[in-house]
Amino acid sequence: MPPNTPAVLARAKKNRDRRSQAGTIVSYTTVRHPPAGFAPQPRRIAVIALADGTQTIGVVTGDEVIAIGQTVLPRLRLNRVSHDGLRGYDIAYEPVATVREPLQTPFPGYILALTGPSGVGKSSINLLLATVLSDQVAPVPIVTTREPKAHDGTEYRYVTTEEFQSLREQGQLATWADIPSQDERRLYGYVVSDIEAIWQSGKIPSVVTEMHLLQGLAQHYGRRSILSCGLLPPGRSRRKMLSTLLHRLRHRGRDTEQSIRDRVRNAEADLRFFADRADLFDHLIVNEHLDGAVEQVKGIVLELVKA
Amino acid sequence: MYNPPERMPQDIFLIGAGQTRFCEQWDMSLRDLIEASVTAAITDAKLSAIDIDMVIVANMIGDAVADQAHLGALAASLLPHRPPALRVEAACASGSVAVHTACSLLRSGDVGTVLVVGAEKMTDVPNEVVSRALMGASDAEKDAAAGLTFPGIFGLVAQRYQHDYDLTREQLSLVSAQHHQHAVTNPNAQFQKAIPAEMISESPLVADPLRLLDCSPISDGAAACILSVKHRSPFRIAASQLSTDTLSLADRPTLTSFSATKEAAQKAFREADITRDDISHIELHDCFSIAALISLEDLGFAEPGNGISFYEQPDPNLTINQSGGLKACGHPVAATGVKQLIDLRRELRASGEQFGLAHNFGGAGATCCVHLLEHAA
Chain A
1 MPPNTPAVLA RAKKNRDRRS QAGTIVSYTT VRHPPAGFAP QPRRIAVIAL
51 ADGTQTIGVV TGDEVIAIGQ TVLPRLRLNR VSHDGLRGYD IAYEPVATVR
101 EPLQTPFPGY ILALTGPSGV GKSSINLLLA TVLSDQVAPV PIVTTREPKA
151 HDGTEYRYVT TEEFQSLREQ GQLATWADIP SQDERRLYGY VVSDIEAIWQ
201 SGKIPSVVTE MHLLQGLAQH YGRRSILSCG LLPPGRSRRK MLSTLLHRLR
251 HRGRDTEQSI RDRVRNAEAD LRFFADRADL FDHLIVNEHL DGAVEQVKGI
301 VLELVKA
Chain B
1 MYNPPERMPQ DIFLIGAGQT RFCEQWDMSL RDLIEASVTA AITDAKLSAI
51 DIDMVIVANM IGDAVADQAH LGALAASLLP HRPPALRVEA ACASGSVAVH
101 TACSLLRSGD VGTVLVVGAE KMTDVPNEVV SRALMGASDA EKDAAAGLTF
151 PGIFGLVAQR YQHDYDLTRE QLSLVSAQHH QHAVTNPNAQ FQKAIPAEMI
201 SESPLVADPL RLLDCSPISD GAAACILSVK HRSPFRIAAS QLSTDTLSLA
251 DRPTLTSFSA TKEAAQKAFR EADITRDDIS HIELHDCFSI AALISLEDLG
301 FAEPGNGISF YEQPDPNLTI NQSGGLKACG HPVAATGVKQ LIDLRRELRA
351 SGEQFGLAHN FGGAGATCCV HLLEHAA
């Protein structure tokens, strides 16, 4: 057990954010005699399979009967108090009444996911890949509620907000996200049947994602199914990367200044996500030149196909 | 992966061994325990102390519990010529990792005879302090932060094992019961008495579903072995293999199997070029009853979920923890891996059989050593 000092608690915070996810119980126990430094009452502790496919060990709250496979939700709780009164908080997990079988999704196949901030070139790479690897990869249409725009390619399928909600409620979306924007509510998602149709045809579905869509996919199909490539703009510092993106967004001339501001703000969060959730990426690719980046992704896909 | 060059390995012999009894040694310090076992080993080897070229000390929690680190020098200073010395630590596998280190040094040709001593002093401090020190064997950030103990970690393992393989409480109790039965005739065991399975099933809960009598006890003790490429004996180290796994239980794909045990066992059987049928005695790491079952499966003696068959219908050609194991002998953590070799030597001597296997792991199987001891009768 690490000591209860301000530095240790500050470092633990990052881990706490990561563990703040719903999950299912893999196994559990009640420690009748906790070690020195913890309250002497019995502690119920579980191994929990988190929504993103990782596992964690945490306290389970309450005293009702729990079971392997049960769903739990994260709650911030006081974990321990140091002898000089420093209070350490940690994520504990609250059992949810429904009991279902453990989260064991059978391996359905691979999905190529390209993740990165707006303007980094995800869509361009995805479209080029569909051409150079047309026998191996097929892009999955994005279902969205946003208004069609002149520059949009064929990758979008436009629906109303009501239609989107109904797809979601019927469980037809493998993942979805609400990407904030000043002027409208933009919902994006991928439909399960689209992805499965591509698997049926013997190809690897490719999707363009941001952090929420990627996490949703990893939850739906299991982290192992996602061949996850993170795309980064060139630049050594986060500031340099953001300025590259800003430049590219202005240069392509598709967006209003307000929309560019929204996109750069989202991009800041996306770049942080790369650092915080490195476990969700198999490869990080710097998109300096489009051709080079496409070649890299192509190599990754061909290696997988060969294996 | 590193592939060592093909060469005729030099034979390493176990030429002497000695131990203290494992129990609460109220009147002995860590130094006294080390000294007693070393003296016994040197006497047994019929050597002079100055024949020892090097000392390797295995210890896990000396710093936290006895305020004593730097045990290499401490042990060397017990010998008249103060040979070079070092300490190794790999949690509960410290003892066997020390033996493994000794084997590597002996093969390197730098030394001819090495004294390995595993020692632990655990009973001087309250239980919650020992619990906390032992949790150093787990992942401090990922496992220990929740307030787990080692019984807790194996409680998680046992709960999942029972769920996956429908193991009943009555079946699990057979494990400790049999180990206790074996310890009745072992003068070095902490508990030299039989305990019926019903009593185990009714003992207090420690970390559900594990009960008090599923758990190995807190003990003081030391064990020493002298290994040599210069001096011969009828006992040869036929294989010494070390493997590791993720430190945190949370990073494993399964809770009911330890890959380090599997890997170390496979490598050991390959090194010795024998099969499981050649083994007559096993001393395995039953820190908790459930660990004995999982270990038998991972070592390749039983199918997954079927380890209990050895306790329901003991195999007449294979003894398991004839010494009493960690449960009945006691488990002074770093001494256990060394003491297992001493037990195997005694068992092989008595039976006249050829091969014994020692299995010792640290933490929740994050480090595992498998040794095969050959008896040239």
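So the sequences go chain by chain: A and B. FYI, the numbering for the first sequence is 1 to 307, going by the working numbering. FYI, the numbering for the second sequence is 1 to 377, going by the working numbering. Cβ coordinates follow ideal geometry from the N, Cα and C atoms, glycine included. Note that the coordinates shown come from a computational prediction; the quantities given were computed from them, not determined experimentally.
In this structure, how does DSSP classify S29 of chain B when only helix, strand and coil are distinguished?
Against the second sequence, residue 29 of chain B aligns to sequence position 29. Of the three classes helix, strand and coil, the one that applies to S29 of chain B here is coil, per DSSP.
Run through DSSP, which three-state label would C225 of chain B get?
Here residue 225 of chain B corresponds to residue number 225 of the second sequence, with the count starting at 1. Residue state, collapsed to three classes: strand.
Between the C-alpha atoms of A46 of chain A and N360 of chain B, what's the straight-line distance to the nearest angstrom?
Position 46 of the first sequence, counted from the start, is the residue given in the question as residue 46 of chain A. Position 360 of the second sequence, counted from the start, is the residue given in the question as residue 360 of chain B. Whole-angstrom Cα-Cα distance: 26 Å.
According to the neighbour-count rule (16 or more other Cβ atoms, all chains shown, within 10 Å of its Cβ), is F13 of chain B buried or exposed?
Position 13 of the second sequence, counted from the start, is the residue given in the question as residue 13 of chain B. Flag for F13 of chain B reads buried.
Is the Cβ of E128 of chain B closer than 7 Å to any Cβ of chain A?
For the purposes of this step, residue 128 of chain B is taken as the residue at position 128 of the second sequence. Taking Cβ atoms only, chain A reaches closer than 7 Å to E128 of chain B, which makes this a yes.
Using a beta-carbon distance below 7 Å, is A227 of chain B in contact with chain A?
Looking up residue 227 of chain B in the second sequence gives position 227. For clarity, residue 227 of chain B is Leu in the given sequence; the question names Ala instead. Cβ-Cβ to chain A under 7 Å: no for L227 of chain B.
Quick check on P217 of chain B: does DSSP put it in helix, strand or coil?
Along the second sequence, read from residue 1 onward, the residue named residue 217 of chain B stands at position 217. In this structure, P217 of chain B counts as coil in the three-state DSSP scheme.
With distances taken between CB atoms, is the gap from M60 of chain B to E89 of chain B smaller than 7 Å?
Residue 60 of chain B sits at position 60 when you count from the first residue of the second sequence. Residue 89 of chain B sits at position 89 when you count from the first residue of the second sequence. Closer than 7 Å, so yes.
Relative to the alpha-carbon of F38 of chain A, which residue among A:N287, A:V65, A:D90 and A:P205 has its alpha-carbon at the smallest distance?
Your numbering for residue 38 of chain A matches position 38 in the first sequence. That would be A:D90, whose Cα lies nearest to the Cα of F38 of chain A.
Per DSSP, which residues does D90 of chain A bridge with? Please list them.
Walking along the first sequence from the start, residue 90 of chain A turns up at place 90. Paired residue(s): A:R77.
Short of 7 Å Cβ to Cβ, which residues in the stretch 145-170 of chain A face chain B?
none
Within 10 Å of its beta-carbon, does L227 of chain A have 16 or more other beta-carbons around it, so buried, or fewer, so exposed?
Taking the first sequence and counting its residues from 1, one reaches residue 227 of chain A at position 227. Buried, because 16 or more other Cβ atoms sit within 10 Å of the Cβ of L227 of chain A.
Confirm, please, whether the CB-CB distance from D220 of chain B to T123 of chain B is below 7 Å.
To locate residue 123 of chain B, count along the second sequence from 1; it is residue 123. To locate residue 220 of chain B, count along the second sequence from 1; it is residue 220. Yes, Cβ-Cβ distance for T123 of chain B and D220 of chain B is below 7 Å.
Going by beta-carbon coordinates alone, are T145 of chain A and L187 of chain A separated by less than 7 Å?
Indexing the first sequence from 1 puts residue 145 of chain A at position 145. Indexing the first sequence from 1 puts residue 187 of chain A at position 187. Yes, the Cβ-Cβ distance between T145 of chain A and L187 of chain A is below 7 Å.
For chain A, check one thing: does any of its Cβ atoms lie closer than 7 Å to the Cβ of A146 of chain B?
Within the second sequence, residue 146 of chain B is the residue found at index 146, counting from 1. With 7 Å as the cut-off, A146 of chain B counts as an interface residue toward chain A.
Using beta carbons (cut-off 7 Å, strictly below), is R223 of chain A in contact with chain B?
Numbered from its first residue, the first sequence carries residue 223 of chain A at position 223. By this cut-off, R223 of chain A is not an interface position.
Is it the case that the Cβ atoms of V140 of chain A and P205 of chain A are separated by a distance below 7 Å?
Looking up residue 140 of chain A in the first sequence gives position 140. Looking up residue 205 of chain A in the first sequence gives position 205. Yes, Cβ-Cβ distance for V140 of chain A and P205 of chain A is below 7 Å.
Does the distance from the CB of G69 of chain A to the CB of A49 of chain A come in under 7 Å?
The count along the first sequence starts at 1 and reaches residue 69 of chain A at position 69. The count along the first sequence starts at 1 and reaches residue 49 of chain A at position 49. Their beta carbons are not under 7 Å apart, which means G69 of chain A does not touch A49 of chain A by this criterion.
I think D298 of chain B touches T261 of chain B, with their Cβ atoms under 8 Å apart; what is that distance to the nearest whole Å?
Along the second sequence, read from residue 1 onward, the residue named residue 298 of chain B stands at position 298. Along the second sequence, read from residue 1 onward, the residue named residue 261 of chain B stands at position 261. About 4 Å; that satisfies the 8 Å criterion.
Residue from B:I308, B:H331, B:H285 and B:P304 whose Cα sits closest to the Cα of H371 of chain B:
Counting from 1 along the second sequence, the entry for residue 371 of chain B is found at position 371. Residue B:H285 is the option with its Cα nearest to H371 of chain B.
Report yes or no: is there a C-beta of chain A within less than 7 Å of the C-beta of R132 of chain B?
Taking the second sequence and counting its residues from 1, one reaches residue 132 of chain B at position 132. With 7 Å as the cut-off, R132 of chain B counts as an interface residue toward chain A.
At the level of alpha carbons, what is the spacing between G58 of chain A and D251 of chain B?
As a first step, residue 58 of chain A is located in the first sequence; it is residue number 58 there, counting from the start. As a first step, residue 251 of chain B is located in the second sequence; it is residue number 251 there, counting from the start. Taking the straight line joining both Cα atoms gives about 14 Å.
Inspect the CB distances between the stretch 223-231 of chain B and the stretch 113-122 of chain B and report whether three or more fall short of 8 Å.
yes
Is it buried or exposed, L86 of chain A, if we count other Cβ atoms within 10 angstroms and call 16 or more buried?
On the first sequence, residue 86 of chain A is found 86 positions in, with the first residue counted as 1. Classification for L86 of chain A: exposed.
At least one CB of chain B closer than 7 Å to the CB of V59 of chain A: is that the case?
In the first sequence, counting from the first residue as 1, residue 59 of chain A sits at position 59. It does: the Cβ of V59 of chain A has a partner Cβ on chain B nearer than 7 Å.
Would you check whether the ligand COA has a heavy atom nearer than 6 Å to the C-beta of T367 of chain B?
Within the structure as shown, the ligand COA is missing, as the structure has no ligands at all.
Those residues which DSSP pairs with H251 of chain A across a bridge
Along the first sequence, one-based indexing puts residue 251 of chain A at 251. DSSP lists no partner for H251 of chain A.
At what residue ranges does the stretch 14-58 of chain A contain a whole run of the beta strand (DSSP E), taking only runs of 3 or more?
23-31 and 43-50
Would you kindly work out how many angstroms separate the C-alpha atoms of T20 of chain B and A222 of chain B, rounded to a whole number?
By 1-based counting over the second sequence, the position of residue 20 of chain B is 20. By 1-based counting over the second sequence, the position of residue 222 of chain B is 222. Roughly 6 Å between the two C-alpha positions.
Could you run through the stretch 184-210 of chain B and flag, in chain order, every residue whose CB is less than 7 Å away from some CB of chain A?
L205, V206, A207 and D208
Chain-ordered neighbours of L156 of chain B on chain A, where CB pairs are closer than 9 Å:
Reading the second sequence from its first residue, position 156 is the one you call residue 156 of chain B. What L156 of chain B touches in chain A: V26, S27, Y28, T29, I45, A46, V47 and I57.
Terminal residues of the alpha helix (DSSP H) in which N127 of chain B lies:
Your numbering for residue 127 of chain B matches position 127 in the second sequence. Start and end: N127 to L134.
Return no unless some Cβ of chain B is closer than 7 Å to the Cβ of F38 of chain A.
Working through the first sequence from its first residue, we reach residue 38 of chain A at position 38. With 7 Å as the cut-off, F38 of chain A counts as an interface residue toward chain B.
Pair every Cβ in the stretch 334-354 of chain B with every Cβ in the stretch 46-66 of chain B, then say whether three or more of these pairs are closer than 8 Å.
yes
Please state the DSSP three-state secondary structure of C23 of chain B.
Residue numbering aside, residue 23 of chain B sits at position 23 when the second sequence is read from its first letter. C23 of chain B falls in the strand class under three-state DSSP.
Residues near S257 of chain B in its chain [Cβ-Cβ closer than 8 Å; skip 5 each side]:
Your numbering for residue 257 of chain B matches position 257 in the second sequence. Cβ neighbours of S257 of chain B beyond the five flanking positions: I294, E297, D298 and P304.
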